[in-house]
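Undergrad: After the C-alpha cells below, expect a handful of questions from me.
There are 2 protein chains.
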Amino acid sequence: MDPFINYIKLYIDLSHEAETEIQQLALYEEVAKGHQLLEVGKTARRLYFIVSGTIRTFFYQKGKDVTYWIYPENSVITSWHSYLLKKPSAEYIEVIEDSMLISLSYDEWQDLYSKYPELERFGRLLFQEQIALLDDFYKGYYFMTAKEKYELLLQFFPDITLRANLGYIASMLGISQETLSRIRGK
Amino acid sequence: MDPFINYIKLYIDLSHEAETEIQQLALYEEVAKGHQLLEVGKTARRLYFIVSGTIRTFFYQKGKDVTYWIYPENSVITSWHSYLLKKPSAEYIEVIEDSMLISLSYDEWQDLYSKYPELERFGRLLFQEQIALLDDFYKGYYFMTAKEKYELLLQFFPDITLRANLGYIASMLGISQETLSRIRGK
DNA sequence: TACACTTTTTGACCTATGTCAAAATTTGTG
DNA sequence: CACAAATTTTGACATAGGTCAAAAAGTGTA
Numbered sequence: 001m002d003p004f005i006n007y008i009k010l011y012i013d014l015s016h017e018a019e020t021e022i023q024q025l026a027l028y029e030e031v032a033k034g035h036q037l038l039e040v041g042k043t044a045r046r047l048y049f050i051v052s053g054t055i056r057t058f059f060y061q062k063g064k065d066v067t068y069w070i071y072p073e074n075s076v077i078t079s080w081h082s083y084l085l086k087k088p089s090a091e092y093i094e095v096i097e098d099s100m101l102i103s104l105s106y107d108e109w110q111d112l113y114s115k116y117p118e119l120e121r122f123g124r125l126l127f128q129e130q131i132a133l134l135d136d137f138y139k140g141y142y143f144m145t146a147k148e149k150y151e152l153l154l155q156f157f158p159d160i161t162l163r164a165n166l167g168y169i170a171s172m173l174g175i176s177q178e179t180l181s182r183i184r185g186k
Numbered sequence: 001m002d003p004f005i006n007y008i009k010l011y012i013d014l015s016h017e018a019e020t021e022i023q024q025l026a027l028y029e030e031v032a033k034g035h036q037l038l039e040v041g042k043t044a045r046r047l048y049f050i051v052s053g054t055i056r057t058f059f060y061q062k063g064k065d066v067t068y069w070i071y072p073e074n075s076v077i078t079s080w081h082s083y084l085l086k087k088p089s090a091e092y093i094e095v096i097e098d099s100m101l102i103s104l105s106y107d108e109w110q111d112l113y114s115k116y117p118e119l120e121r122f123g124r125l126l127f128q129e130q131i132a133l134l135d136d137f138y139k140g141y142y143f144m145t146a147k148e149k150y151e152l153l154l155q156f157f158p159d160i161t162l163r164a165n166l167g168y169i170a171s172m173l174g175i176s177q178e179t180l181s182r183i184r185g186k
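Going line by line, the protein sequences match chains A and B. Going by full-length UniProt numbering, the first sequence opens with residue 1, and the numbers climb by one from there. Going by full-length UniProt numbering, the second sequence opens with residue 1, and the numbers climb by one from there.
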C-alpha cells in the first residue's frame with residue numbers, strides 16, 4: 001500500500017476519488033544521502049512525506065552549521081515559513097540518510113483542498129498536530145541545563161543518536177558538540 | 001462590528017449563516033488583570049480571541065515563574081497541546097492587562113467545521129499561520145546571545161515592554177531578569 | 001590490511017550569564 | 001500626598017558551558 005495514503009487515512013476517511021488523484025499527482029523519489037531538497041533563498045514548493053530515511057533542516061549562523069530539526073520516516077516536512085508564505089527559505093533541507101520520499105506541490109494541495117473537503121480537514125488536522133508538537137517541545141525548554149535538554153530530546157526521538165551525528169544533535173539543542181559529548185560520557 | 005468576525009474575514013469569505021451562528025455561540029467577556037483563564041492540570045476547553053488587553057502563558061520550573069509567551073490584542077490563544085489533544089494543561093493562562101475576550105468551545109468549533117466548509121478552511125489557515133510564526137521565531141534563536149534574543153523579540157513585538165514586565169519578558173527569552181535589565185541599560 | 005577521511009572525545013582555558021542580596025525607582029491606593 | 005507594594009537596577013561573585021586544539025576512535029574502500 002501507498003504509505004502516504006495510509007498516513008492520510010490516520011486522520012480522515014479518504015474518498016476513492018481523492019485517493020486516486022493524490023496517487024496520480026504524487027511524486028515518488030529515492031534520494032541519496034547528502035542531497036539538498038531546498039536551499040536558502042529559494043522558495044519551498046513542495047510538501048514531502050518521508051517513507052524511509054532521515055532528513056534535517058539547517059542554516060548557517062555566524063559561519064556555523066546549525067541543525068534546526070531532524071525528521072525520521074513517517075514525518076511530513078517542508079520549510080513551513082517558506083512553503084506557506086511563499087517566501088525565500090532561511091534554511092536548507094538536506095537528506096542525511098538515503099530516503100524514499102513522496103511529495104506534492106503547494107499548488108496541487110490548494111486544488112485538492114478545494115476539491116475534497118476531507119482533504120481540507122486533513123490539512124487542518126495535520127497543522128494542528130504540528131502545533132501541538134512544537135508547543136509541547138519548546139515548553140520549559142528554556143532554563144534547562146544542557147543535560148536536561150538532551151534528556152528531553154531523547155524522550156521525543158529515542159533513536160535520534162542512530163539517525164544523526166553528534167554535531168547535528170548538539171546544535172538542535174543549542175549546545176556545543178563538545179558539551180554533548182561530555183554529557184554522554186556521563 | 002464584531003472584531004472576531006472581522007478577524008475571520010481576513011482569512012476567508014464567511015457566509016451569512018455561519019456569521020450568525022458564530023455570533024450566537026460566542027461568549028463575550030471582560031476579564032480583569034490577574035484572572036486565570038486556565039490552570040495547570042485542567043483541560044483547555046475554549047479558544048479565545050483577544051479583542052483588547054494582554055495575556056500570557058506561564059508555568060513553574062524548579063519553583064520559578066517562567067513566561068512562555070505573551071499575546072496582545074488580535075491574537076488567538078489557548079493552550080494548544082491541551083486544547084487540541086484534550087489533555088491536562090502544563091501551563092497557566094493569565095490575563096495581565098484588563099481584557100475583552102471572545103471565545104468558543106472546542107466542541108462548538110468541531111460542529112462549525114463540519115457545518116461550514118469555509119470554517120474548516122479558516123481553521124487550516126489559522127493553524128498554518130501559527131506554524132509559520134513559531135517556525136520563524138525559533139529559527140536561529142539558539143546560539144544567540146542574550147542581547148540578540150532581546151533584539152529579535154523586539155522585532156516581533158515592538159511594544160512588548162509596554163505590555164509586560166521585565167521578569168516576564170526575560171523568562172520568555174530564557175534569560176534572567178538581571179541580565180535583561182543590564183542589556184537595556186546599554 | 002591499511003590508508004584516508006569522518007566523527008567523537010579529551011584537555012586547558014575563558015567568558016557570558018546566572019545567583020543572591022540590597023538599593024533604587026515606579027506604581028497603586030486610602 | 002504618603003505609604004506600601006511591586007518592579008527594576010546595581011553590585012559582587014560563581015559557574016555552566018563555550019572555544020580551540022589535538023588525540024582517539026570509527027568507517028569506508030581499494
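Every residue gets a Cβ at the ideal spot worked out from N, C-alpha and C, and that includes glycine. Since we're looking at a predicted model, the values are computed, not measured.
Using a Cβ-Cβ cut-off of 8 Å, state whether glutamate 39 (chain B) counts as contacting chain A.
TA: Taking Cβ atoms only, chain A never reaches closer than 8 Å to glutamate 39 (chain B), which makes this a no.
Undergrad: Mark glutamate 97 (chain B) as exposed unless 16 or more other C-beta atoms lie within 10 angstroms of its C-beta, in which case mark it buried.
TA: Buried, because 16 or more other Cβ atoms sit within 10 Å of the Cβ of glutamate 97 (chain B).
Undergrad: For phenylalanine 58 (chain A) versus tyrosine 48 (chain A), is the C-beta spacing smaller than 8 Å?
TA: The answer is no: Cβ separation not under 8 Å.
Undergrad: Please report whether the beta-carbon of leucine 47 (chain A) lies at a distance below 8 Å from any beta-carbon of chain B.
TA: Chain B contact via Cβ: absent.
Undergrad: Within the same chain, show all residues whose beta-carbon is closer than 7 Å to that of arginine 45 (chain A), passing over the 5 residues directly before and after it, in chain order.
TA: Result list for arginine 45 (chain A): Ser105, Tyr106, in chain order.
Undergrad: Looking only at its chain, what residues have a beta carbon closer than 6 Å to the beta carbon of leucine 37 (chain B), apart from the 5 residues adjacent to it on each side?
TA: Cβ neighbours of leucine 37 (chain B) beyond the five flanking positions: Ile93.
Undergrad: Is the beta carbon of valine 95 (chain B) less than 8 Å from the beta carbon of histidine 16 (chain B)?
TA: Contact flag unset, no.
Undergrad: Could you give the C-beta distance for isoleucine 131 (chain B) and glutamine 110 (chain A), rounded to a whole number, given that I count them as a contact under 8 Å?
TA: Actually they do not touch by this definition, with Cβ atoms about 17 Å apart.
Undergrad: Please state whether DSSP places methionine 100 (chain B) in a helix, a strand or coil.
TA: Here methionine 100 (chain B) sits in strand by DSSP.
Undergrad: Is DSSP giving serine 176 (chain A) helix, strand or coil here?
TA: In this structure, serine 176 (chain A) counts as coil in the three-state DSSP scheme.
Undergrad: Residues of chain A with a CB under 8 Å from the CB of lysine 139 (chain B): which are they?
TA: The contacting residues are Phe59, Tyr68, His81, Ala90, Glu91.
Undergrad: What's the call for tyrosine 113 (chain A), buried or exposed, on a 16-neighbour Cβ count within 10 Å?
TA: Buried is the call here.
Undergrad: Where does the unbroken alpha helix (DSSP H) through threonine 67 (chain B) begin, and where does it stop?
TA: Taken as a continuous stretch (DSSP letters only), threonine 67 (chain B) belongs to no alpha helix (DSSP H), being part of the beta strand (DSSP E) at 64 to 71.
Undergrad: Check phenylalanine 157 (chain A) in the structure and name its three-state DSSP category.
TA: Coil.
Undergrad: For the UniProt domain "Cyclic nucleotide-binding" (10 to 130) of chain B, which segments carrying the alpha helix (DSSP H) assignment without a break, of at least 4 residues, lie completely within its bounds, in sequence order?
TA: The qualifying runs are 16 to 25, 80 to 85, 106 to 115.
Undergrad: Can you list, in chain order, the residues of its chain whose CB lies under 8 Å from that of arginine 121 (chain B), leaving out five sequence neighbours each side?
TA: Cβ within range, chain order: Tyr11, Ile12.
Undergrad: Compare the beta carbon distance of leucine 134 (chain B) and tyrosine 150 (chain B) with 8 Å and say whether it is the shorter of the two.
TA: Not closer than 8 Å, so no.
Undergrad: Return the CA-CA distance between leucine 119 (chain A) and leucine 14 (chain A), expressed in angstroms with no decimal places.
TA: Going from the Cα of leucine 119 (chain A) to the Cα of leucine 14 (chain A) covers about 8 Å.
Undergrad: As a quick exercise: from B:Val40, B:Ile55, B:Ala18, pick the residue whose alpha carbon is nearest that of alanine 32 (chain B).
TA: Alanine 32 (chain B) has its Cα closest to that of B:Ile55, out of B:Val40, B:Ile55, B:Ala18.
Undergrad: Going along the chain, which residues of its own chain have a beta-carbon closer than 6 Å to the beta-carbon of threonine 179 (chain A), five neighbours each way excluded?
TA: Excluding sequence neighbours, threonine 179 (chain A) sits near Ala146.
Undergrad: Between glutamate 39 (chain B) and the rest of its own chain, which residues show a CB-CB distance below 8 Å, the 5 nearest in sequence each way excluded?
TA: Closer than 8 Å at Cβ, skipping near neighbours: Ser89, Tyr92.
Undergrad: Tyrosine 142 (chain A) by DSSP, collapsed to three states: which one?
TA: It is coil, neither helix nor strand.
Undergrad: My assumption, with CB atoms under 8 Å, is that glutamine 128 (chain A) sits in contact with phenylalanine 4 (chain B). Please give the rounded CB distance.
TA: Going by Cβ atoms, the distance from glutamine 128 (chain A) to phenylalanine 4 (chain B) rounds to 19 Å, so no, they are not a contact pair.
Undergrad: Pick helix, strand or coil for lysine 147 (chain A), following the three-state DSSP scheme.
TA: Looking at lysine 147 (chain A) - three-state DSSP - the assignment turns out to be helix.
Undergrad: Can you tell me whether serine 171 (chain B) is buried or exposed, with buried defined as 16 or more other CB within 10 angstroms of its CB?
TA: That one is buried.
Undergrad: What is the C-beta distance between phenylalanine 143 (chain B) and glutamine 61 (chain A), in whole angstroms, given that I count them as a contact (C-beta under 8 Å)?
TA: The pair is a contact, with the Cβ atoms about 6 Å apart (cut-off 8 Å).
Undergrad: Taking the alpha-carbon positions, what's the tyrosine 71 (chain A) to isoleucine 77 (chain A) distance?
TA: So the alpha carbons of these two residues sit roughly 8 Å apart.
Undergrad: Quick one: is leucine 85 (chain A) near chain B, going by C-beta distance under 8 Å?
TA: So yes, leucine 85 (chain A) belongs to the interface.
Undergrad: Run through chain B and tell me which residues come within less than 7 Å of aspartate 136 (chain A), C-beta to C-beta.
TA: Within 7 Å Cβ-Cβ: His81.
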